[in-house]
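Number of protein chains: 2
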Amino acid sequence: MRAAVYEGPGNIRVEQVPDPEIMLDTDALVAVSHAAISGNDLWSYRGYGQRTPGSRIGREFLGVVQDVGADVRTPRRGDVVIAPSAFSDGTCEYCLAGLHTSCVDGGFWAEPGHDGGQGEAVRVPNADGTLVVVPRSLAGSWARLLPLADVLPAGHHAAVSAGVGYRKTVAVVGDGAVGLSAVLASRRLGADRVVLLGHHPERAELGQAFGVTEAVYGHGEAAIEQFMSVSGGADCVLECVGAQSALDTAIKIAKDGATIGYVGTPHLVEGLDLGSLFGRNIGLAGGASPARAYLPTLLADVISGRLDASPLFDLSVALRDVADGYVAMDTRKALKVGIGV
Amino acid sequence: MRAAVYEGPGNIRVEQVPDPEIMLDTDALVAVSHAAISGNDLWSYRGYGQRTPGSRIGREFLGVVQDVGADVRTPRRGDVVIAPSAFSDGTCEYCLAGLHTSCVDGGFWAEPGHDGGQGEAVRVPNADGTLVVVPRSLAGSWARLLPLADVLPAGHHAAVSAGVGYRKTVAVVGDGAVGLSAVLASRRLGADRVVLLGHHPERAELGQAFGVTEAVYGHGEAAIEQFMSVSGGADCVLECVGAQSALDTAIKIAKDGATIGYVGTPHLVEGLDLGSLFGRNIGLAGGASPARAYLPTLLADVISGRLDASPLFDLSVALRDVADGYVAMDTRKALKVGIGV
Chain A
1 MRAAVYEGPG NIRVEQVPDP EIMLDTDALV AVSHAAISGN DLWSYRGYGQ
51 RTPGSRIGRE FLGVVQDVGA DVRTPRRGDV VIAPSAFSDG TCEYCLAGLH
101 TSCVDGGFWA EPGHDGGQGE AVRVPNADGT LVVVPRSLAG SWARLLPLAD
151 VLPAGHHAAV SAGVGYRKTV AVVGDGAVGL SAVLASRRLG ADRVVLLGHH
201 PERAELGQAF GVTEAVYGHG EAAIEQFMSV SGGADCVLEC VGAQSALDTA
251 IKIAKDGATI GYVGTPHLVE GLDLGSLFGR NIGLAGGASP ARAYLPTLLA
301 DVISGRLDAS PLFDLSVALR DVADGYVAMD TRKALKVGIG V
Chain B
342 MRAAVYEGPG NIRVEQVPDP EIMLDTDALV AVSHAAISGN DLWSYRGYGQ
392 RTPGSRIGRE FLGVVQDVGA DVRTPRRGDV VIAPSAFSDG TCEYCLAGLH
442 TSCVDGGFWA EPGHDGGQGE AVRVPNADGT LVVVPRSLAG SWARLLPLAD
492 VLPAGHHAAV SAGVGYRKTV AVVGDGAVGL SAVLASRRLG ADRVVLLGHH
542 PERAELGQAF GVTEAVYGHG EAAIEQFMSV SGGADCVLEC VGAQSALDTA
592 IKIAKDGATI GYVGTPHLVE GLDLGSLFGR NIGLAGGASP ARAYLPTLLA
642 DVISGRLDAS PLFDLSVALR DVADGYVAMD TRKALKVGIG V
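So the sequences go chain by chain: A and B.
Residue numbering for the first sequence follows this note's numbering, beginning at 1 and increasing consecutively.
Residue numbering for the second sequence follows this note's numbering, beginning at 342 and increasing consecutively.
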């Protein structure tokens with residue numbers, strides 16, 4: 001079968017790879033219909049992280065169950081399923097606590113020994129714990145479903161971790177796909193005001209459609225000052241970038257006693273100055289988003305039509321052209337790229 | 342009047358200072374009956390922090406109201422009162438949210454322009470918001486009351502911030518007065534197991550009396566390994582030291598998804614490695630303890646006899662001998678020093 005393979009920084013190629021097979025009785029085989037390029041994939045593409053050349057890539061996919069192992073109870077052959085960015089058994093102490101990313105028997109797609117989502121098929125370990133069956137009627141609406149694999153739960157995780165709720169003033173740092181998802185999630189949770197700090201004024205219209213009440217564009221102290229004059233400080237700060245500058249900004253715009261919900265994978269982060277948090281009782285919560293924990297709840301709202309993150313996808317490519325998708329994401333020509341397999 | 346004055350590292354002297362006076366209608370004058378030496382005072386004594394020679398010192402005191410300004414409604418002349426480590430107006434947005442340390446009109450004792458607690462009298466700003474009247478019948482039990490000024494609320498703040506509750510396994514890092522108070526607070530909040538990580542085996546008996554179920558003494562990886570083999574990881578970690586090593590330990594002994602409640606004022610802390618928190622969803626909450634927020638609730642338990650932190654005081658000195666008290670704290674000969682004024 002064909003799959004995207006990481007061959008080094010800036011080099012993603014579609015290659016022939018071995019067909020996946022059921023290896024354990026708890027596995028399922030999923031024929032991928034649609035995949036997406038995630039921020040994590042992009043970091044790899046840019047040469048950060050530990051991905052070795054020749055390895056599979058892709059964390060977000062949607063597809064149809066081709067086959068299941070003898071012990072799989074829930075997904076059946078022919079079911080349309082969505083996979084969260086991490087697989088997990090659904091039964092361990094951490095899964096039961098809603099922290100599927102810490103599953104004792106889990107992992108992430110495209111890690112050594114596991115298929116990536118950007119390919120024709122994926123072996124899904126712990127299929128019962130991992131896959132979520134979606135209504136067949138939605139199977140055509142891939143762009144509404146695919147955000148559930150990662151970005152929408154990640155934005156939601158930031159919001160939940162920061163304590164977003166009714167009437168809160170929320171700051172979202174970052175106007176990438178996760179940041180914009182955090183806007184949707186914050187409004188869904190009842191936030192009164194959602195102030196977006198970003199670098200992409202061209203995404204303002206989309207932000208507004210998602211529920212941004214005020215937007216601040218720019219860098220450093222000037223942006224912070226503008227934010228403070230607009231809002232007077234944030235009750236909840238959602239850090240959706242993972243860079244030192246975003247973190248520094250998050251701390252400065254937080255009201256005393258606020259919690260920063262952070263879901264941006266830390267890259268190029270030197271460290272956190274605890275002194276800047278202590279006196280003001282600023283908390284820090286979040287981390288790698290346990291997408292599987294939130295997927296059913298968010299799916300229900302997608303099914304009902306209340307939640308629609310599909311406008312995040314502003315470019316769609318065929319699997320054979322996946323490299324073009326990476327270029328478009330890398331050059332910021334595309335916000336989020338879908339892949340038709 | 343006489344008061345302790347900081348004259349530089351290692352040099353605390355009792356000197357004649359001007360008598361305090363009512364300056365604002367919201368002030369009260371309190372004749373101090375008992376004071377204590379806090380960890381914060383000790384950091385100053387050791388030369389850390391920004392205290393300038395010639396400045397007052399002391400954050401914890403108990404006394405009798407001598408006089409009140411025209412606008413003071415609650416404390417009356419002759420009332421026995423306890424002062425939390427920070428003064429606050431009790432009416433601003435932050436005070437109403439329980440974050441009195443961020444009061445827009447507040448501050449800490451012995452900061453420039455304000456009296457320290459280790460002296461014969463103190464001008465108390467915002468007396469209505471700051472002072473808590475205690476039953477006259479308890480006036481003689483200074484050692485039961487004085488922990489309410491700072492260490493007991495600080496331990497409680499760590500516990501609340503870390504989400505301590507029924508059946509939780511709690512790790513307390515640090516067996517100083519705040520750490521031991523955190524033990525008391527954790528048991529009071531329903532923790533099943535409280536594992537103490539400390540450096541003072543001579544305090545083991547006191548720890549056990551306060552509710553420690555297991556104690557681990559030592560440094561670095563050996564202590565961490567021992568902790569993990571004893572407990573399997575902590576649901577809640579209470580960081581009650583404020584040093585880099587304590588923080589590093591706190592992160593390592595936390596279960597994935599746990600929150601570290603930190604109340605040790607950061608000293609000699611280089612920074613926090615976000616990468617060590619992110620993948621495991623470790624949160625960080627707490628900071629400077631808003632003692633005033635917790636004081637009434639904890640006082641009620643002190644009055645009823647359910648909560649007694651008086652054994653923390655293992656040395657009591659007269660004000661004229663306050664320097665001996667600092668030496669005893671500095672050399673770890675005393676855990677906590679009370680001062681009879």
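Every residue, glycine too, gets a C-beta built ideally from N, C-alpha and C.
From a predicted model like this one, the values you see are computed outputs, not experimental measurements.
Chain order gives the chain A residues near Thr606(B) as Phe278, where near means a beta carbon separation below 7 Å. Taking all protein chains shown into account, Ala177(A) has 16 or more neighbouring C-beta atoms within 10 Å of its C-beta and is therefore buried.
Arg193(A) is positioned such that its CB atom lies closer than 7 Å to that of Thr169(A). In chain order, Val183, Val194 and Leu196 place their CB closer than 6 Å to the CB of Val212(A), counting only its own chain and leaving out the 5 sequence neighbours on each side. Cα atoms of Asp614(B) and Ala587(B): separation of roughly 14 Å, rounded to the nearest angstrom. Listed by position along chain B, the residues whose Cβ is nearer than 8 Å to that of Ile282(A) are Gly628. Between the stretch 393–409 of chain B and the stretch 459–473 of chain B there are three or more inter-stretch CB-CB distances shorter than 8 Å, so the stretches are counted as touching. Residue range Ala632 to Ser645 is occupied by the alpha helix (DSSP H) that includes Asp642(B), with no beta strand (DSSP E) assigned at that position.
For Asp671(B), no CB of chain A lies under 7 Å from its own CB, so it is not counted at the interface with that chain. By the rule that beta-carbons nearer than 7 Å mark a contact, Ser44(A) does not touch chain B. At a cut-off of 7 Å between beta carbons, Leu440(B) contacts chain A.
Scanning Tyr558(B), Ala532(B) and Leu440(B) for the CA closest to the CA of Gly539(B) turns up Tyr558(B). Using a Cβ-Cβ distance cut-off of 8 Å, the stretch 414–421 of chain B and the stretch 471–478 of chain B are in contact, since at least three pairs of beta carbons, one from each stretch, lie closer than that value. For Gln567(B), the three-state secondary structure derived from DSSP is helix. Per DSSP, Thr442(B) lies in no alpha helix (DSSP H) segment and is marked neither H nor E. Sequence-distant partners of Ala545(B) (beyond 5 residues in either direction) whose C-beta falls short of 6 Å from its own C-beta, in its chain, are Ala556. The beta carbon of Tyr635(B) sits no closer than 7 Å to any beta carbon of chain A. Cα atoms of Glu461(B) and Ala345(B): separation of roughly 9 Å, rounded to the nearest angstrom. Bounds of the beta strand (DSSP E) holding Leu197(A) are Arg193 to Gly198. Per DSSP, the beta bridge partners of Ser396(B) are Tyr347(B). Excluding residues up to 5 positions away in sequence, Leu268, Val269 and Glu270 lie with their Cβ nearer than 8 Å to the Cβ of Gln244(A) in the same chain. Distance check between Leu152(A) and each of Lys255(A), Glu60(A), Asp256(A) and Val104(A) places Glu60(A) closest, using alpha-carbon atoms only. Interface residue (Cβ-Cβ distance to chain A less than 7 Å): Leu493(B) is not classified as such. Under DSSP, Asp408(B) shares a beta bridge with Leu370(B). By the Cβ neighbour-count rule, Ser231(A) is buried, with 16 or more other Cβ atoms within 10 Å of its own.
Under the three-state reduction of DSSP output, Lys596(B) falls in the strand class. DSSP places Arg144(A) in the helix class (H, G or I) of the three-state scheme. Within the stretch 84–116 of chain A, the residues whose Cβ lies closer than 9 Å to any Cβ of chain B are, in chain order, Glu93, Tyr94, Ala97, Gly98, Leu99, Thr101 and Ser102. By alpha-carbon distance to Ser379(B), the top candidate from Ile644(B), Pro637(B), Gly605(B) and Val643(B) is Gly605(B).
In the structure shown, the three-state DSSP call for Tyr217(A) is strand. In the three-state reduction of the DSSP assignment, Glu401(B) falls in the strand class, which pools E and B.
When DSSP states are grouped into helix, strand and coil, Glu546(B) belongs to the helix group. Listed by position along chain B, the residues whose Cβ is nearer than 8 Å to that of Leu138(A) form an empty set, because the closest Cβ is around 30 Å away. Between Ser522(B) and Ala424(B), the C-beta gap is not smaller than 7 Å, which leaves the two residues out of contact.
Counting the other CB atoms within 10 Å of its CB gives Lys596(B) a total of 16 or more, which places it among the buried residues. In the structure shown, Asp576(B) adopts extended strand secondary structure according to DSSP, grouped into three states.
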